[in-house]
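Trainee: Sharing a structure with you now.
Chains as they are written, first to last, in the numbering used here: chain A, 1 to 83; chain B, 1001 to 1418.
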């Protein structure tokens, strides 16, 4: 099972740090908000993250100034979120 | 009480002709007439086995999403039981009707409030709820208060007013409003059935859904399935509009009804209509063909009724201008908390307004496509996706109008001045 990176759009302010750290996974839209590359529908809010990107995803979660990101390890159901 | 065969006409609010299932007790039914018509329902007697009965009935939510009612109820109940410290759930009857073209819920609350309360109390008992709410627009509250005062279980139910905003009825906005007074959607990282109002497992059900529950609890799943189709059992209320002021009607139609039949029952000749909006502002424009009104099925044959909105494009009205007006409204109704919605909806409204106004720039439809693709799937609620669905259907159904507009003509308005 792949982990997923959840974007809480109600918190996200489009600062763009996540798109820098995860440039293979996220790009920025016209207004600076993250868009998951090549994903459609719900996978744009709960973005699948490959094992290679997990470390960067953890960093994005911990550095997001708006606390808008959380990582869910689908295998265990655990989630990591900075509060 | 007879099962409904075919759709039955109700007069528009405030008065209804009682021939249907849900409105069988007649206009503004007080408790005595309600009990005479349907019989008394004891929630304690109805609760055991109710969720199994709902599963057998195939009842789906009538608030728009058409999710299986029993699944939501079971998820809430199980979530409450599997906690380390068991916690009792919350059940909320959702009567918010922010959709401007919908009026079936307020009609139901005005005429059959006791069915809604019966269903609410039976479900609340079945999931062992600690708290029970009725969430409804301010205009429906005096009637609801009268009904609560008469109803044997009315004292258990707390009433909360919903604001008249488009998204006030979205389930997480309902929970948020009851908790904080702010009717804006919440992030969906966790389900409401796991953690909703004050962290309790929370079940939000549309008021019409609850009225069906009240009838299923009395008359059973087979009775419910005697109307509709195996795939879309039972009946649903629809709000039909578009023929001008005073001609709006609420109809109760069987599942799987044909759009053309429903239009005829509402006094319209489908042959004279150019397009019909089905499912409301988050729905789709379709040609008035024999589409089946049902929550599931192949696009092209089936059109989703959503919360039961059916609106005919008026004679001489331009579908693109109508849609541009709706999208402008929807952009204004963004809660402005999710960026792609806050910026994307006004951007789409802007492009659509330019097409509607006859700006001859061939790049506009492509811009609209690109923006629509950008906002989908990126919000805490369905508002951006619903708006994109509406725009997509407009570009498809009014594709001829788009070409005309880009060439400086409009079939409704004529030719724009150079």
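The C-beta atom is built at its ideal place from N, Cα and C for all residues, glycine as well.
On the three-state DSSP scale, how would you describe residue 1061/B?
Mentor: coil
Trainee: For residue 83/A, would you say it is in contact with chain B, using Cβ-to-Cβ distances shorter than 7 Å as the test?
Mentor: With a pLDDT of 35 at residue 83/A, under the threshold of 50, the modelled position of this residue cannot be trusted; read the value that follows with caution. Chain B, which has no Cβ nearer than 7 Å to the Cβ of residue 83/A, makes this no.
Trainee: Restricting to runs no shorter than 4 residues, where is the alpha helix (DSSP H) found entirely within the region 1158–1240 of chain B?
Mentor: 1171–1180, 1207–1219, 1221–1225
Trainee: Helix, strand or coil for residue 1285/B, going by three-state DSSP, please let me know.
Mentor: strand
Trainee: Give the DSSP-derived three-state secondary structure of residue 1303/B in the structure shown.
Mentor: strand
Trainee: Against chain B, which members of the region 35–62 of chain A pass a CB distance test of less than 9 Å?
Mentor: 35, 36, 39, 40, 41, 42, 43, 44, 45, 46
Trainee: I want to verify the contact list: residues of chain B whose CB lies under 7 Å from the CB of residue 70/A, in sequence order.
Mentor: Result: 1189.
Trainee: Does any residue of chain A bring its CB to less than 7 Å from the CB of residue 1338/B?
Mentor: yes
Trainee: Going by DSSP in three states, residue 1410/B sits in which element: helix, strand or coil?
Mentor: Strand, per DSSP.
Trainee: Which of helix, strand or coil does DSSP assign to residue 1043/B?
Mentor: helix
Trainee: I want to see whether chain A comes within less than 7 Å of residue 1033/B, judged by CB atoms only; does it?
Mentor: Using beta-carbon distances, residue 1033/B does not count as an interface residue toward chain A, since no partner is under 7 Å.
Trainee: Listed from N- to C-terminal order along the chain, which residues in the region 1058–1071 of chain B have their beta-carbon within a distance smaller than 8 Å of any beta-carbon of chain A?
Mentor: Sequence-ordered contacts of the region 1058–1071 of chain B with chain A are nonexistent [C-beta pairs closer than 8 Å].
Trainee: Are there three or more Cβ pairs, one per stretch, closer than 8 Å when the region 1217–1235 of chain B is compared with the region 1100–1115 of chain B?
Mentor: no
Trainee: For residue 12/A, return the contacting residues in chain B, with the cut-off set at a CB-CB distance below 8 Å.
Mentor: 1338, 1339
Trainee: Identify the continuous alpha helix (DSSP H) that holds residue 1329/B and give its terminal residues.
Mentor: 1319–1332
Trainee: Just mark residue 62/A as buried or exposed, buried being the case when its beta carbon has 16 or more other beta carbons within 10 Å.
Mentor: exposed
Trainee: If you measure from the beta carbon of residue 1038/B to each beta carbon in chain A, is any gap under 7 Å?
Mentor: Not a single C-beta of chain A is nearer than 7 Å to the C-beta of residue 1038/B.
Trainee: Give the straight-line distance between the Cα atoms of residue 17/A and residue 73/A, rounded to the nearest whole angstrom.
Mentor: 21 Å
Trainee: Taking 7 Å as the CB-CB cut-off, is residue 1374/B touching chain A?
Mentor: By the rule that beta-carbons nearer than 7 Å mark a contact, residue 1374/B touches chain A.
Trainee: So which residues of chain A does residue 995/B contact, with C-beta pairs closer than 9 Å?
Mentor: Outside the displayed range of chain B (1001 to 1418) lies residue 995/B, so it cannot be described from this structure.
Trainee: Can you list, in chain order, the residues of its chain with a C-beta nearer than 7 Å to that of residue 1165/B? Leave out the 5 residues immediately preceding and following it.
Mentor: 1098, 1183, 1333
Trainee: Examine the Cβ distances between the region 1333–1350 of chain B and the region 1313–1320 of chain B and report whether three or more of them are shorter than 8 Å.
Mentor: no
Trainee: So, under 8 Å CB-CB, residue 1204/B and residue 1310/B are touching, yes? Tell me the CB distance rounded to an integer number of Å.
Mentor: With a Cβ gap of about 24 Å, residue 1204/B and residue 1310/B do not count as contacting.
Trainee: Kindly indicate if chain B contains any beta-carbon less than 7 Å away from that of residue 29/A.
Mentor: Residue-level contact check: residue 29/A touches chain B, since one or more beta carbons of chain B fall below 7 Å from its beta carbon.
Trainee: Might you give, ordered along the chain, the residues of its own chain that have their beta carbon closer than 7 Å to the beta carbon of residue 1129/B, omitting 5 neighbours on each side?
Mentor: Counting only Cβ-Cβ distances below 7 Å, and skipping sequence neighbours, we find 1088, 1089, 1090, 1091.
Trainee: Using beta carbons (cut-off 7 Å, strictly below), is residue 1343/B in contact with chain A?
Mentor: With its beta carbon less than 7 Å from one in chain A, residue 1343/B belongs to the interface.
Trainee: Just confirm the distance between the C-beta atoms of residue 66/A and residue 11/A, as a whole number of angstroms; I'd bet it's less than 8 Å.
Mentor: 5 Å
Trainee: For the region 1135–1147 of chain B and the region 1274–1289 of chain B, state whether three or more C-beta atom pairs, one from each stretch, are separated by less than 8 Å.
Mentor: no
Trainee: Using the three-state DSSP reduction, which class does residue 1353/B fall into: helix, strand or coil?
Mentor: helix
Trainee: List the endpoints of the continuous alpha helix (DSSP H) containing residue 1084/B.
Mentor: Neither: residue 1084/B is in no alpha helix (DSSP H) and is coded neither H nor E.
Trainee: Quick check on residue 1019/B: does DSSP put it in helix, strand or coil?
Mentor: In this prediction, residue 1019/B scores a pLDDT of 49, lower than 50, which makes its location untrustworthy; no coordinate-derived value is stated.
Trainee: Since residue 1026/B and residue 1218/B should fall inside the 8 Å C-beta cutoff, what is the C-beta to C-beta distance between them, to a whole number of angstroms?
Mentor: Wrong, their Cβ atoms sit about 17 Å apart, outside the cutoff.
Trainee: In whole angstroms, what is the alpha-carbon distance linking residue 78/A and residue 1194/B?
Mentor: With a pLDDT of 47 at residue 78/A, under the threshold of 50, the predicted position of this residue should be treated as unreliable, though the coordinate-derived value follows. When rounded, the distance between both Cα atoms is 15 Å.
Trainee: Out of 1382/B, 1323/B, 1238/B, 1076/B, state which residue places its alpha-carbon closest to the alpha-carbon of residue 1353/B.
Mentor: 1323/B
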